[in-house]
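J.: Before I ask anything, here is the structure I am working with.
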Amino acid sequence: MLKLVHIAGARPNFVKIASLLKACQQESGIESVLVHTGQHYSHSMSQSFFEELDIPQPDINLEVGSGSHAYQTAEIMKRLEPVLLEQKPDAVLVVGDVNSTAASVLVAAKLGIRTIHVEAGLRSFDRTMPEEINRIVTDSISDLLFVTEPSGAENLRREGVADAKVFFVGNVMIDTLERNKEKAAASDILRTLNLKPQTYALVTLHRPHNVDQADILQNIVDALAQIQTDMKIIFPIHPRTKKSLADHGICQQLEALPNMNLLEPLGYLDFLKLMSHARIVLTDSGGIQEETTILGVPCLTLRDNTERPITISQGTNRLVGLQTTDILTGYQEALSMSPDGRRPDLWDGKAAERIVKILLEVL
Ligand code: UD1
Numbered sequence: 008m009l010k011l012v013h014i015a016g017a018r019p020n021f022v023k024i025a026s027l028l029k030a031c032q033q034e035s036g037i038e039s040v041l042v043h044t045g046q047h048y049s050h051s052m053s054q055s056f057f058e059e060l061d062i063p064q065p066d067i068n069l070e071v072g073s074g075s076h077a078y079q080t081a082e083i084m085k086r087l088e089p090v091l092l093e094q095k096p097d098a099v100l101v102v103g104d105v106n107s108t109a110a111s112v113l114v115a116a117k118l119g120i121r122t123i124h125v126e127a128g129l130r131s132f133d134r135t136m137p138e139e140i141n142r143i144v145t146d147s148i149s150d151l152l153f154v155t156e157p158s159g160a161e162n163l164r165r166e167g168v169a170d171a172k173v174f175f176v177g178n179v180m181i182d183t184l185e186r187n188k189e190k191a192a193a194s195d196i197l198r199t200l201n202l203k204p205q206t207y208a209l210v211t212l213h214r215p216h217n218v219d220q221a222d223i224l225q226n227i228v229d230a231l232a233q234i235q236t237d238m239k240i241i242f243p244i245h246p247r248t249k250k251s252l253a254d255h256g257i258c259q260q261l262e263a264l265p266n267m268n269l270l271e272p273l274g275y276l277d278f279l280k281l282m283s284h285a286r287i288v289l290t291d292s293g294g295i296q297e298e299t300t301i302l303g304v305p306c307l308t309l310r311d312n313t314e315r316p317i318t319i320s321q322g323t324n325r326l327v328g329l330q331t332t333d334i335l336t337g338y339q340e341a342l343s344m345s346p347d348g349r350r351p352d353l354w355d356g357k358a359a360e361r362i363v364k365i366l367l368e369v370l
């Protein structure tokens with residue numbers, strides 16, 4: 008019996024482990040223990056994903072909560088170490104690039120427990136992003152690295168990782184999307200918000216670089232103010248962004264816009280339905296660049312770089328940066344063309360199955 012401890016801490020982690028845990032449950036040779044670090048804890052950022060995606064309740068919750076990067080990383084490490092000593096797993100499996108990912112892999116590697124990173128090798132080449140630091144640290148000490156796109160394998164090879172440790176398996180976030188498409192279609196969020204398909208823009212923002220600095224946040228809000236004169240905007244606001252809008256006094260300007268619908272963070276199914284029928288999506292999320300690629304919905308990424316280049320070369324994504332005029336130009340260009348994307352290789356809903364098969368062979 009192969010005993011795995013799965014770690015999840017933040018919203019995008021839950022979407023990824025949903026598929027991995029399902030695939031593990033279907034294998035009698037694997038015992039799974041789920042540890043929630045508690046990095047995200049609000050109902051809308053955590054429990055709602057467990058309920059909607061049918062994720063088993065965590066066996067252990069470290070309840071670390073929010074804090075600075077050092078605080079959060081250190082607390083996860085301190086609280087995870089005794090858990091791993093007690094559980095004695097054969098391997099620890101982490102996903103994505105959040106603080107919970109890097110902290111957990113550090114603890115496991117130092118205890119001599121094998122480490123598995125799902126969604127390895129992605130690089131923005133921008134070390135001002137906390138996620139880029141997490142990706143580099145995690146990959147450099149992981150024993151098995153599962154990549155979503157060919158760039159991931161190329162980056163790892165360039166960094167000197169042995170090919171034998173790297174497996175191109177596809178994208179577990181897309182597994183979850185495929186499994187939940189029909190359920191999401193039944194969501195009545197369009198009716199609730201009085202929206203017709205293809206008539207609105209969907210916006211998400213949460214990167215510290217974009218939302219913590221007043222001038223950049225203002226650039227984005229100025230672009231949104233223009234866009235909402237053209238079409239309705241639906242904007243579920245991440246708690247970090249909400250706080251920053253309030254701190255910088257930009258909240259009232261946003262609230263006063265007549266065609267702007269500001270919402271609390273949404274659950275997975277409502278968000279998937281909104282994304283599927285949006286005319287366009289504007290975001291700084293990594294996962295949403297991938298999901299819009301599969302849904303064939305134009306996506307403007309409000310960043311100067313992406314660690315997911317396949318969403319541009321094969322998908323519907325375009326980088327527009329953070330200047331108001333560049334965002335507006337990207338918006339006009341995206342609307343004037345029909346989205347021209349194709350499904351990246353192995354983004355077929357079966358990535359988790361491939362991962363489990365490989366784990367049973369090599370561990
Ligand atoms: C984290 C990840 C980011 C990921 C994002 C998804 C890191 C470094 N960042 O960013 O990669 O894309 O999650 O959402 O790991 N808060 C709540 N409720 C919660 C969680 C957070 O209100 O359940 C508030 C707190 O004020 C907190 C702030 O949001 O200080 C930011 O949370 P944090 O987990 O530090 O980072 P995120 O911006 O969510």
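Heads up, the sequence shown is in my numbering, so the first residue is 8 and it goes up one at a time.
Every residue gets a Cβ at the ideal spot worked out from N, C-alpha and C, and that includes glycine.
Can you name, in chain order, every residue of its own chain whose Cβ lies under 7 Å from the Cβ of Trp354, other than the five neighbours on each side?
T.: Within the sequence shown, numbered from 1, the residue matching residue 354 stands at position 347. Excluding positions up to five away in sequence, the list reads Gly177, Asn178, Ile181, Ile301.
J.: Please identify the residue among Thr299, Ser49, Thr211, Val173 whose C-alpha is closest to the C-alpha of Leu129.
T.: If you number the sequence shown from 1, residue 129 lands on position 122. Nearest to Leu129 by C-alpha distance, out of Thr299, Ser49, Thr211, Val173, is Val173.
J.: CB-CB under 6 Å to Glu138, same chain, minus the five flanking residues each way: which ones, in chain order?
T.: Counted from its first residue, the sequence shown places residue 138 at position 131. Answer for Glu138: Asp104, listed in chain order.
J.: With a cut-off of 8 Å, do at least 3 Cβ pairs link the region 87–99 to the region 48–63?
T.: no
J.: How is Thr323 classed by DSSP in three states: helix, strand or coil?
T.: Taking the first residue of the sequence shown as position 1, residue 323 is located at position 316. Reduced to three states, the DSSP call for Thr323 is coil.
J.: For Lys250, verify whether its CB is less than 7 Å away from any heavy atom of the ligand UD1.
T.: Within the sequence shown, residue 250 is the residue found at index 243, counting from 1. Yes, the ligand UD1 has a heavy atom inside 7 Å of this Cβ.
J.: Rounded to the nearest angstrom, how far is the Cβ of Thr122 from that of Ser147, given a contact under 8 Å?
T.: Taking the first residue of the sequence shown as 1, we reach residue 122 at position 115. Taking the first residue of the sequence shown as 1, we reach residue 147 at position 140. Wrong, their Cβ atoms sit about 11 Å apart, outside the cutoff.
J.: Considering only heavy atoms of the ligand UD1, does any lie closer than 7 Å to the CB of Gln259?
T.: The sequence position of residue 259 within the sequence shown is 252, counting from 1. No; taking the cut-off as 7 Å, the Cβ of Gln259 has no heavy atom of the ligand UD1 nearer than that.
J.: Measure the Cβ-Cβ separation of Asn312 and Phe132 and say whether it is below 8 Å.
T.: Working through the sequence shown from its first residue, we reach residue 312 at position 305. Working through the sequence shown from its first residue, we reach residue 132 at position 125. Contact flag set, yes.
J.: Just to confirm, does His245 get its C-beta within under 7 Å of one of the non-hydrogen atoms of the ligand UD1?
T.: Within the sequence shown, numbered from 1, the residue matching residue 245 stands at position 238. Yes, since a heavy atom of the ligand UD1 falls inside the 7 Å radius drawn around the Cβ of His245.
J.: Work out the CA separation of Ile67 and Gly303 for me, nearest whole Å.
T.: In the sequence shown, residue 303 corresponds to position 296, counting from 1. In the sequence shown, residue 67 corresponds to position 60, counting from 1. Straight-line Cα distance between these residues: approximately 38 Å.
J.: Is the beta carbon of Ile287 less than 8 Å from the beta carbon of Asn268?
T.: Numbered from 1 along the sequence shown, position 280 holds the residue referred to as residue 287. Numbered from 1 along the sequence shown, position 261 holds the residue referred to as residue 268. Result no, Cβ atoms of Ile287 and Asn268 do not sit closer than 8 Å.
J.: When you compare only the Cα positions, how much space is there between Gly36 and Ala30?
T.: Locating residue 36 in the sequence shown gives position 29, counting from the first residue. Locating residue 30 in the sequence shown gives position 23, counting from the first residue. In a straight line, the C-alpha of Gly36 is about 11 Å away from that of Ala30.
J.: Sorry if obvious, but does the Cβ on Tyr275 come closer than 7 Å to a heavy atom of the ligand UD1?
T.: What you label residue 275 is simply residue 268 of the sequence shown in a count that begins at 1. Outside the cutoff, so no.
J.: Whole angstroms is fine: what's the gap from Gln259's alpha carbon to Leu224's?
T.: Position 252 of the sequence shown, counting from 1, holds the residue named residue 259. Position 217 of the sequence shown, counting from 1, holds the residue named residue 224. Gln259 and Leu224: Cα-Cα distance of roughly 14 Å.
J.: As a quick exercise: from Ala15, Asp97, Leu27, pick the residue whose alpha carbon is nearest that of Ala406.
T.: Given that the chain is displayed from residue 8 to residue 370, the structure contains no residue 406 and the question cannot be resolved.
J.: In the DSSP assignment, the beta strand (DSSP E) including His124 goes from what residue to what residue?
T.: Start at 1 with the first residue of the sequence shown, and residue 124 comes out as number 117. Start and end: 121–125.
J.: Leu11 and Ala127 - do their beta-carbons sit closer together than 8 Å?
T.: Residue mapping note: residue 127 aligns to position 120 of the sequence shown, counting from 1. Residue mapping note: residue 11 aligns to position 4 of the sequence shown, counting from 1. Against a cut-off of 8 Å, the Cβ pair of Leu11 and Ala127 comes out as no contact.
J.: May I ask you to report which of helix, strand or coil DSSP gives Ala25?
T.: Taking the sequence shown and counting its residues from 1, one reaches residue 25 at position 18. The answer is helix: DSSP assigns Ala25 an H, G or I state.
J.: Quick one: using the 10 Å Cβ neighbour count with 16 as the cut-off for buried, is Glu360 buried or exposed?
T.: As a working mapping, residue 360 is identified with position 353 in the sequence shown. Buried: at least 16 other Cβ atoms inside 10 Å.
J.: Specify, as a first and last residue, the run of the alpha helix (DSSP H) that Phe4 falls within.
T.: The structure shown does not extend to residue 4, since the chain is modelled only from 8 to 370, so the question has no answer here.
J.: If you draw a straight line from the alpha carbon of Asp195 to that of His213, how long is it in whole angstroms?
T.: By 1-based counting over the sequence shown, the position of residue 195 is 188. By 1-based counting over the sequence shown, the position of residue 213 is 206. Distance between the alpha carbons of Asp195 and His213 is about 26 Å.
J.: So, with DSSP's three-state summary, where would you put Met180?
T.: Within the sequence shown, the letter at position 173 stands for residue 180. Three-state DSSP puts Met180 in a helix.
J.: What is the DSSP secondary structure of Met267, counted as helix, strand or coil?
T.: Sequence index remark: in the sequence shown, residue 267 carries index 260 (1-based). In this structure, Met267 counts as strand in the three-state DSSP scheme.
J.: Ile83 and Ser107 look like a contact to me (Cβ under 8 Å); what is the Cβ gap, rounded to whole Å?
T.: Position 76 of the sequence shown, counted from the first residue, corresponds to residue 83. Position 100 of the sequence shown, counted from the first residue, corresponds to residue 107. Yes, they are in contact, since the Cβ atoms of Ile83 and Ser107 sit about 6 Å apart, within 8 Å.
J.: Have a look at Pro272, Leu9, Glu298, Gly328 and flag the residue whose alpha-carbon is nearest the alpha-carbon of Ile317.
T.: Within the sequence shown, residue 317 is the residue found at index 310, counting from 1. Taking only the C-alpha atoms, the option nearest Ile317 is Glu298.
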